[in-house]
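Residue 15 in the working numbering sits at position 8 of the sequence shown, with consecutive numbering throughout.
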Amino acid sequence: MPDTRATPLAQPVLEPDEVLVESEAIRQRGPEAELGASAFVLEIGFGRAELIMELARARPAQCFLGVEVSRKRVQKAARRIARAGIPNLRVVHATAEYLLERVLRADSVSECWINFPDPWPKKRHHRRRLLRREVLPLLARVLRPGAILHLATDYLPYADSIDGLLAGSELFDNLHAPEPWSRIAPQRCTTAYEQEFLAEGRAIAYFEYKRLEARE
Ligand SMILES: C[S@@+](CC[C@H](N)C(=O)[O-])C[C@H]1O[C@@H](n2cnc3c(N)ncnc32)[C@H](O)[C@@H]1O
Numbered sequence: 008m009p010d011t012r013a014t015p016l017a018q019p020v021l022e023p024d025e026v027l028v029e030s031e032a033i034r035q036r037g038p039e040a041e042l043g044a045s046a047f048v049l050e051i052g053f054g055r056a057e058l059i060m061e062l063a064r065a066r067p068a069q070c071f072l073g074v075e076v077s078r079k080r081v082q083k084a085a086r087r088i089a090r091a092g093i094p095n096l097r098v099v100h101a102t103a104e105y106l107l108e109r110v111l112r113a114d115s116v117s118e119c120w121i122n123f124p125d126p127w128p129k130k131r132h133h134r135r136r137l138l139r140r141e142v143l144p145l146l147a148r149v150l151r152p153g154a155i156l157h158l159a160t161d162y163l164p165y166a167d168s169i170d171g172l173l174a175g176s177e178l179f180d181n182l183h184a185p186e187p188w189s190r191i192a193p194q195r196c197t198t199a200y201e202q203e204f205l206a207e208g209r210a211i212a213y214f215e216y217k218r219l220e221a222r223e
């Protein structure tokens with residue numbers, strides 16, 4: 008008798024512990040072995056991972072890596088990604104600074120997203136901000152020439168500080184010039200924090216910068 012049972016639903020392509028990669032493995036074995044390509048799209052501080060999941064689904068020919076400092080968020084995201092069966096997306100538990108400085112290779116990132124980094128409003132906490140003077144060269148090193156850096160913040164004093172850093176850098180070109188940023192979101196799904204900020208009617212600054220060729 009032929010088996011007439013319905014074909015079972017497709018199994019997830021990866022297990023959560025395959026989606027979650029170790030930073031040391033990326034450093035030692037390289038992005039081809041761990042992520043599937045020598046160049047990939049990076050999201051820093053992905054939170055609930057809705058954006059990077061959507062991007063990876065929409066662009067199956069590209070590889071994606073998300074980095075998050077919250078272990079819980081990384082573990083949750085790995086389970087969600089495995090359940091959704093997204094084969095071209097990996098997540099790593101690390102600080103962005105460590106990943107950028109010690110793990111990723113130069114010119115390995117083809118695009119980078121940083122949405123709503125923690126604003127740390129108190130002056131004495133500004134040194135905890137992700138976008139600060141020392142981090143810019145780390146980002147510039149891993150972004151390949153032509154790569155787009157997308158940034159968003161709802162905290163306008165932080166937007167001013169980001170503008171000061173990026174506008175003064177010879178390594179990046181502002182795609183919204185002569186405006187420092189745009190008020191219009193790029194074509195992508197809204198992130199969890201963004202939805203909250205939009206519901207509160209807050210103004211959001213969206214930056215798009217292109218990594219330039221290094222000048223001698
Ligand atoms: C305000 S939330 C925004 C989350 C998400 N991007 C969104 O828009 O909904 C900031 C996120 O960045 C993560 N984060 C903060 N500092 C980080 C760092 N140094 N490296 C990596 N992730 C970081 C936090 O754990 C948190 O998930």
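Where a beta carbon is used, it is the ideal one built from N, C-alpha and C, also for glycine.
Please say whether residue 219 and residue 152 have beta carbons closer to each other than 8 Å? yes
Assign residue 10 to one of three DSSP states: helix, strand, or coil. Low confidence applies to residue 10: its pLDDT is 46, below 50, so where it sits in the model is not reliable enough to give any reading.
By the three-class DSSP mapping on this structure, what secondary structure does residue 183 have? coil
Just grab the DSSP bridge partners of residue 79 for me. According to DSSP, which records beta bridges pairwise, residue 79 is partnered with nothing at all.
Do residue 95 and residue 71 count as a contact pair if the criterion is CB distance below 8 Å? yes
Can you tell me where the alpha helix (DSSP H) holding residue 64 begins and where it ends? 57-65
Give me the Cβ distance between residue 181 and residue 174, rounded to the nearest whole Å; I'm assuming they're in contact under 8 Å. 6 Å
Using 8 Å for Cβ pairs, my map puts residue 34 next to residue 109. What's the rounded Cβ distance? 7 Å
If distances are taken between C-alpha atoms only, which option among 117, 118 and 214 comes closest to residue 165? 214
What span of residues does the alpha helix (DSSP H) with residue 147 cover, start to end? 142-149
In whole angstroms, what separates the C-alpha of residue 113 from that of residue 150? 7 Å
Extent of the continuous alpha helix (DSSP H) to which residue 34 belongs: 30-42
If I measure Cβ to Cβ from residue 86 and keep anything under 7 Å in the same chain, skipping five residues before and after, which residues do I get? 23
How is the alpha helix (DSSP H) around residue 204 delimited, first residue to last? 199-206
Considering residue 169, what are the terminal residues of the alpha helix (DSSP H) in which it resides? 163-174
Mapping DSSP to helix, strand and coil, what is residue 103? helix
Please state the DSSP three-state secondary structure of residue 91. helix
Under the assumption that residue 54 contacts residue 198 (Cβ atoms under 8 Å), give the Cβ distance between them as a whole number of angstroms. 6 Å
Compute the Euclidean distance between the alpha carbons of residue 162 and residue 194, then round it to the nearest angstrom. 21 Å
Should residue 201 be labelled buried (16 or more other beta-carbon atoms within 10 Å of its own) or exposed? buried
Identity of the residues DSSP links to residue 74 by a beta bridge: 51 and 99
Ends of the alpha helix (DSSP H) at residue 22? Unbroken run through residue 22: none, as it is neither H nor E.
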